[in-house]
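> The structure follows.
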Amino acid sequence: MKIAITSSGEGLNAPVDERFGRAANFVLVEVDGDERKVETVPNTQNRQAAQGAGIQAAETVHRNGAQILLTGHVGPKAFRALDAAKIEIYSGIKGTVGDALDDYLAGRLQQTHGADVEGHW
Amino acid sequence: MSRTTIAVASGKGGTGKTTLSVALALALAKRGEKVRLIDADAEEPNDHLFLDIEPQDPQEVTIPVPFVDEDRCKGHGRCREVCRFNAIAIMDSKPLIFPELCHGCGACSLACPEKAIEEKPKVVGWLETAETRGVDFIQGRLKIGEPMVVPVIAALREREADEGWTIIDAPPGTSCPVIESSKGTDHLFLVTEPTPFGLNDLELAVGMARALGLTFSVIVNRAGLGERGVYEFCEREGIEIVLEIPFDKHIAATYARGGTLLDADEAWEAKLVELAHNTAKEVRP
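Read top to bottom, the protein sequences are chains P and L.
By the count of the numbering used here, the first sequence reaches residue 346 at its end, each step adding exactly one.
By the count of the numbering used here, the second sequence reaches residue 286 at its end, each step adding exactly one.
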C-alpha cells in the first residue's frame, strides 16, 4: 500500500502542506506490515503552472503508484482526476506527515467523497 | 476609402473607456462618418446601456475541444505532453480531458499517433449586433461559467470594418483579453485618471503597448482631481496627452442617467472628431 501526503518539507517529520495542486512536495510512504519506505517527490513544476496544477498533481500521485492521498484541501478538477484513478482521498489533514500517516493507519480518518473547496481557494 | 482602427484601453477599470468609446463613435457618426463600435469587454459589455439599445441576433463563438475515442486510444499520452494548458491528465492509462482549461489549440489531436482525438466545437460566447444613430455596433458576450474570453474577442476582431472607423472598447487590465483587443490596431488610447491607482495601472498599460509595438497616447479623465503623478510620468516618458475630460459634476450626473459626453455638452462632438482626425493623420500622414 502506497500513501501520498502533501508536505512543505521532506520525510515524516515535515508539516503537511494544506494545498494539494500547489503543495511543495509529496511524501510517499510504502507501507508493508511494520515496514515504511519513505520517499519525497517534489511538485516544483506543478506549483508554477499557470492553470491545472491540481490535475497534474493528481497525475503525479497516480504515476508514483499511490492509492491513497492525505492532504489539506482538494478542488473539483483535482477531485475528478484523482477519482478517475480510484485514488482514495482524505482531506482536512493538519500536523506532521508522520502524525497523518499514523492517524490513517489507525483508521482515525474519514474518506472524502467530493471536492471540499472551490478551485484556487 | 481609408480605414482606421482605434482601441481604447486603460489598465485600471472605471477610468472612462466606455465614456470615451461611445462618445467618440457617436460624434463621428453625427458627422456622417462610417463608424463601427466594438464592445470587447465581453465579460460585462456595457456600451449598449449608453447607446440605449438591446443588441440582437446572437452568433455563436466556438472553440474546438478534444473528445477521445476510447477504443482507438492506446494511452501513449502524447496529447498530455503537448498540452500547454494542463487540460489533459493521463489517469489509468486513459486521457482525462478538462474542457474548461482547453484553449482550443488543437495540438492534442495533431499529436495523437492513433488519431483517437476528434475536436468538436464548444460554444464559449456570442456576438450580438445593433445599429443606432449611425453607429454600427457589435458586442461580445462570454457564456456564463466560461473562463476564457479571448476567443470571443478574436471573433470580434474579425468583424473590424473594411472602411471607415472601428473603435474597440477594450476590457480593463493588461492581460490576454486586452492584448487581443488592441494588438495590430492603428492607435491605442490609454484612458487614465490622475490618481495613484490610475498612474500605477497606466505604467502597466504603457508597458503592454510598447511590448506590442503600438502607437499610443493618453487621455486623462477626471482631470483636476489634484494628483500630478500621471502628468509627470507622461512628460518623463515622452507620451502625449491628447485629451483631458474634467472632473465635473455635470458630466458625472449625465453619465449616471445613462447619458454620454455629448449629452453633457455638445461641444465634445467637435473635440472628439478633431481628436479622431488628428490621430488618423498620425497613422497615415
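All C-beta atoms in this analysis are idealised placements derived from N, C-alpha and C, irrespective of residue type, glycine included.
Since this is a predicted model, take the numbers as computed values, not measurements.
Excluding five sequence neighbours on each side, which residues of the same chain lie with their C-beta closer than 8 Å to the C-beta of residue 250/P?
231, 232, 233, 234, 235, 239, 242, 265, 266, 267 and 268.
> For a contact defined as C-beta to C-beta under 9 Å, what are the partners of residue 276/P on chain L?
Correct list: 86, 87, 88, 102 and 148.
> Once DSSP output is grouped into helix, strand and coil, what is the label at residue 247/L?
Three-state DSSP puts residue 247/L in a strand.
> Return the Cβ separation of residue 287/L and residue 66/L in integer angstroms, given the expectation that the two are a contact with Cβ distance under 8 Å.
Here chain L has residues from 2 to 286 only, and residue 287/L is not among them.
> Expressed to the nearest angstrom, what Euclidean distance is found between the alpha-carbon atoms of residue 302/P and residue 49/L?
Those two C-alpha atoms are separated by around 36 Å.
> Starting from residue 131/L, follow its DSSP beta bridges and name the residues at the other end.
138/L.
> Determine, using beta carbons only, whether residue 136/L and residue 38/L come nearer to each other than 7 Å.
Cβ distance < 7 Å, so residue 136/L and residue 38/L count as in contact.
> Round the Cβ separation of residue 83/L and residue 109/L to the nearest angstrom and send it over; I've been treating them as touching at under 8 Å.
Rounded, the Cβ-Cβ distance is 6 Å, consistent with contact.
> If you measure between the beta carbons of residue 26/L and residue 157/L, is that distance less than 7 Å?
No, the Cβ-Cβ distance between residue 26/L and residue 157/L is not below 7 Å.
> Let me see if you follow: with CB-CB separation under 7 Å, is residue 143/L close to chain P or not?
So no, residue 143/L is outside the interface.
> On a Cα-Cα basis, can you pick out the residue from 243/L, 211/L, 154/L and 88/L that is closest to residue 43/L?
Looking at the Cα atoms, 154/L is the closest of the given residues.
> Does the region 139–149 of chain L come within contact of the region 6–18 of chain L, defined as at least 3 CB pairs closer than 8 Å?
Touching, no, given that fewer than three Cβ pairs across the two stretches are closer than 8 Å.
> Let me see if you follow: with CB-CB separation under 7 Å, is residue 243/P close to chain L or not?
Not one chain L Cβ lies under 7 Å of residue 243/P.
> What number of angstroms, rounded off, separates the C-alpha of residue 225/L from the C-alpha of residue 28/L?
Approximately 24 Å, taken between the alpha carbons.
> Does the distance from the CB of residue 6/L to the CB of residue 167/L come in under 7 Å?
Yes, these two residues count as a Cβ contact at 7 Å.
> Taking 7 Å as the threshold (C-beta atoms), are residue 183/L and residue 30/L in contact?
It is not a contact, given that the beta carbons lie outside the stated cut-off.
> Residues bridged to residue 315/P by DSSP?
Paired residue(s): 295/P.
> Any idea what DSSP makes of residue 275/P, helix, strand or coil?
Here residue 275/P sits in coil by DSSP.
> Closest by CA to residue 200/L, which one among 251/L, 236/L and 125/L?
Ranking the options by Cα distance to residue 200/L, first place goes to 236/L.
> Should residue 333/P be labelled buried (16 or more other beta-carbon atoms within 10 Å of its own) or exposed?
That one is exposed.
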